[in-house]
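Okay, structure first, notes after.
Numbering (the numbering used here), first residue to last: 304 to 645.
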């Protein structure tokens, strides 16, 4: 059998610390020859360290290592997300009359906004690695920002021409510190890991209801910040030696911390200016899914470059409303990833 060092490997390196393995090399199971054989895992029939099992001298088409990789990894993701918060899309009212009068007020949907996610890590030749990730999202919610006027027709004279002017803002951020391990599962390259996550989720909104005879002002805010464990798994299926791979990523977190809710109510005609604030100890869950495709290649100089195009979705439990905890919040969108291993 030819020595692994003399065989060409497909150009490319898998993202997030999973360098590409030469497709022509046999798995290091069943006692097959290998430069650095690792003991098999009886329960799965896998090499305990499939990267080292093929030997550290296998090289890619550019002449640089494609497995047994050790070095720093960094990347940035441009994520376009649209929040789903149970916001109003329309309100329809029927005013009793002869015949009844029906009118509808419509609200714009929340838009897609760009946000950045950055990560930095280090991978050892054993397949073990660690990584730090940070993501932050800000948006002035279009569904609750603007002036909405109710039609004159059909309203009682005292309420005709009533307007609602609102402003609303959402902030979400996460910081992850995690340890991961590369594992070869047949044709799948996997990265599994876990660690700790810190997260914040804050939403506030104001509404000014201008009746012809008086004005009512309401402000609501809710903020959660907490810490908890996070687990993730990433699966890649290379498409022959094309440099392309199908990618699926799943992540789950359970977070514990305080939730602070505040409500301000101003009724000038009653000389009322009241503030209510509550503190709760809560637990929330965060689920994340990414599906897409990756392209990877080896660069001259010893670096591996990869890019991804992904569809993403997130679900944050019990965070949709500023007050109370009876609604979920979600994000949906797409992302472009660019990473480098050196």
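Glycine residues also receive a C-beta, built at the ideal position from the N, C-alpha and C atoms.
Here the structure is a predicted model, which means the values were calculated and not measured.
Check residue i in the structure and name its three-state DSSP category.
{"i": "residue 571", "result": "helix"}
{"i": "residue 445", "result": "helix"}
{"i": "residue 622", "result": "coil"}
{"i": "residue 603", "result": "coil"}
{"i": "residue 373", "result": "coil"}
{"i": "residue 497", "result": "strand"}
{"i": "residue 548", "result": "strand"}
{"i": "residue 543", "result": "coil"}
{"i": "residue 388", "result": "coil"}
{"i": "residue 532", "result": "strand"}
{"i": "residue 411", "result": "coil"}
{"i": "residue 430", "result": "coil"}
{"i": "residue 360", "result": "In this prediction, residue 360 has a pLDDT of 31, which is less than 50 and means its spatial position is unreliable; what the coordinates show is noted afterwards. It is coil, neither helix nor strand."}
{"i": "residue 325", "result": "Residue confidence for residue 325 is low, a pLDDT of 44 falling below 50, so the modelled location carries little weight; the figure read from the coordinates is stated next. In the structure shown, residue 325 sits in coil (DSSP, three-state: anything other than H, G, I, E or B)."}
{"i": "residue 336", "result": "In this prediction, residue 336 has a pLDDT of 44, which is less than 50 and means its spatial position is unreliable; what the coordinates show is noted afterwards. Looking at residue 336 - three-state DSSP - the assignment turns out to be coil, as it is neither helix nor strand."}
Going by DSSP, what residue range makes up the beta strand (DSSP E) through residue i?
{"i": "residue 472", "result": "466-488"}
{"i": "residue 517", "result": "That residue, residue 517, is in no beta strand (DSSP E); it is neither H nor E in DSSP."}
{"i": "residue 633", "result": "632-644"}
{"i": "residue 419", "result": "416-426"}
To the nearest whole angstrom, what separates the beta carbons of residue i and residue j, a pair I think is in contact under 8 Å?
{"i": "residue 592", "j": "residue 612", "result": "Not confirmed; about 15 Å, so no contact."}
{"i": "residue 483", "j": "residue 434", "result": "6 Å"}
{"i": "residue 389", "j": "residue 645", "result": "Between residue 645 and residue 389 the Cβ distance is about 45 Å, and since that is not below 8 Å, they are no contact."}
{"i": "residue 382", "j": "residue 420", "result": "6 Å"}
{"i": "residue 509", "j": "residue 517", "result": "Not quite, the Cβ-Cβ distance comes to about 17 Å (not below 8 Å), so this is no contact."}
{"i": "residue 604", "j": "residue 559", "result": "Rounded, the Cβ-Cβ distance is 45 Å, inconsistent with contact."}
{"i": "residue 641", "j": "residue 610", "result": "5 Å"}
{"i": "residue 499", "j": "residue 467", "result": "About 42 Å; that fails the 8 Å criterion."}
{"i": "residue 555", "j": "residue 595", "result": "Their Cβ separation, rounded to whole angstroms, is 19 Å, which puts residue 555 and residue 595 out of contact at 8 Å."}
{"i": "residue 411", "j": "residue 445", "result": "5 Å"}
{"i": "residue 553", "j": "residue 384", "result": "That belief does not hold up - the Cβ atoms of residue 553 and residue 384 are roughly 18 Å apart, past 8 Å."}
{"i": "residue 426", "j": "residue 372", "result": "6 Å"}
{"i": "residue 557", "j": "residue 541", "result": "Going by Cβ atoms, the distance from residue 557 to residue 541 rounds to 33 Å, so no, they are not a contact pair."}
{"i": "residue 480", "j": "residue 422", "result": "Contact doesn't hold; Cβ gap of about 11 Å is too wide."}
{"i": "residue 622", "j": "residue 535", "result": "At roughly 20 Å, the Cβ-Cβ gap does not stay under 8 Å, so residue 622 and residue 535 are not in contact."}
{"i": "residue 647", "j": "residue 570", "result": "Look at the range of the chain in this structure, 304 to 645, and you will see that residue 647 is not part of it."}
Would residue i count as contacting chain B if we go by Cβ distances under 8 Å?
{"i": "residue 535", "result": "In summary, chain B is missing from the structure at hand, where a single protein chain is found."}
Is the segment 563-573 touching the segment 585-604, taking contact as three or more C-beta pairs under 8 Å? no
Can at least three beta-carbon pairs, one atom from the segment 483-493 and one from the segment 505-513, be found at a separation below 8 Å? no
Given 8 Å as the limit, is there contact between the segment 544-552 and the segment 574-582, that is, 3 or more CB pairs closer than that? no
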